[in-house]
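Data block below; observations after.
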Amino acid sequence: MNAVLRPAPEPTHRVMGVSDLDAVLAIEVTAYSFPWTRGNFVDSLAAGYLAWLRHDAAHRLIGYCVALPGFEETHLLNLTVAPAHQRGGHGRAMLDALADWARQRGDTALWLEVRQSNHGARALYAAAGFAEVGQRRDYYPAERQKREDAVVMRLALDSGIGAQLRGTGDALV
Numbered sequence: 107m108n109a110v111l112r113p114a115p116e117p118t119h120r121v122m123g124v125s126d127l128d129a130v131l132a133i134e135v136t137a138y139s140f141p142w143t144r145g146n147f148v149d150s151l152a153a154g155y156l157a158w159l160r161h162d163a164a165h166r167l168i169g170y171c172v173a174l175p176g177f178e179e180t181h182l183l184n185l186t187v188a189p190a191h192q193r194g195g196h197g198r199a200m201l202d203a204l205a206d207w208a209r210q211r212g213d214t215a216l217w218l219e220v221r222q223s224n225h226g227a228r229a230l231y232a233a234a235g236f237a238e239v240g241q242r243r244d245y246y247p248a249e250r251q252k253r254e255d256a257v258v259m260r261l262a263l264d265s266g267i268g269a270q271l272r273g274t275g276d277a278l279v
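So the sequence shown is numbered by my numbering: it starts at 107 and just counts up by one.
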């Protein structure tokens, strides 16, 4: 008898709800020194922000994304991959899916802020076509009552990864 190996099903995305917040917060507090609070997530959901989860075939949470749709642009507020799943392509997959979603709604740009010291995230965003366009001084809390600057990044959706992404991301909603 020959065994046939089938590839594992691809991770999928689904809408985040309040009932998901315990699992989301369990990842949030392990991923960041200054995590979002339950209130930050509840407020985002109540305001109707785009909020979705990435999970594997067994419905284990891999990561999540929260974004604020605006007029012809979307602002990425939180993109997090569980530390055990980092460097596995999940951040890029969520980012690509968000770019597809924003492009489909007619957005011309994605915006985000990232800690100046978060070199891994900055490299991910740069590889996805984001450009550093500014800085917000003392934007983030830091250790010992200090603050850290944010790097403002922008992705033009009519160029860069646009041609590469068409049809490659999971549907978000």
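Glycine included, every Cβ here is placed at the ideal spot set by N, Cα and C.
For clarity, every value in this text was computed on a predicted model and none was experimentally measured.
Discussion item. Going by DSSP, what residue range makes up the alpha helix (DSSP H) through Tyr284?
Written reply: Residue 284 is absent from the structure shown; the chain starts at 107 and stops at 279.
Worksheet entry | Inter-residue spacing [alpha-carbon to alpha-carbon] between Thr186 and Arg198 | Indexing the sequence shown from 1 puts residue 186 at position 80. Indexing the sequence shown from 1 puts residue 198 at position 92. The alpha-carbon atoms of Thr186 and Arg198 are separated by roughly 11 Å.
Item to complete: Would you kindly check if the distance between the Cβ of Ala173 and the Cβ of Glu219 is under 8 Å?
Response: Counted from its first residue, the sequence shown places residue 219 at position 113. Counted from its first residue, the sequence shown places residue 173 at position 67. Not in contact: Glu219 and Ala173 (Cβ atoms no closer than 8 Å).
Worksheet item: For the alpha helix (DSSP H) that contains Thr180, what are its first and last residues?
Response: Within the sequence shown, residue 180 is the residue found at index 74, counting from 1. It is not in any alpha helix (DSSP H) - Thr180 instead sits in the beta strand (DSSP E) that spans 179-187.
Practice prompt. Pull up the distance between the alpha-carbon of Leu261 and that of Leu131, whole angstroms please.
Written response: Indexing the sequence shown from 1 puts residue 261 at position 155. Indexing the sequence shown from 1 puts residue 131 at position 25. Rounded to the nearest angstrom, the two C-alpha atoms are 28 Å apart.
Item to complete: Look at the Cβ atom of Leu204, then the Cβ atom of Leu182, and state whether they are nearer than 8 Å.
Response: By 1-based counting over the sequence shown, the position of residue 204 is 98. By 1-based counting over the sequence shown, the position of residue 182 is 76. Yes. Within cutoff.
Practice prompt. Out of Ser139, His161, Glu116, point me to the one whose CA is closest to Arg250's CA.
Written response: Position 144 of the sequence shown, counting from 1, holds the residue named residue 250. That would be Ser139, whose Cα lies nearest to the Cα of Arg250.
Worksheet item: Alpha carbon to alpha carbon, how far is Tyr246 from Glu254?
Response: Counted from its first residue, the sequence shown places residue 246 at position 140. Counted from its first residue, the sequence shown places residue 254 at position 148. Those two C-alpha atoms are separated by around 5 Å.
Discussion item. I'd like the span of the alpha helix (DSSP H) that includes Val207, first residue to last.
Written reply: Indexing the sequence shown from 1 puts residue 207 at position 101. What sits at residue 207 in the sequence shown is Trp, not Val. Run containing Trp207: 196-210, per the alpha helix (DSSP H) assignment.
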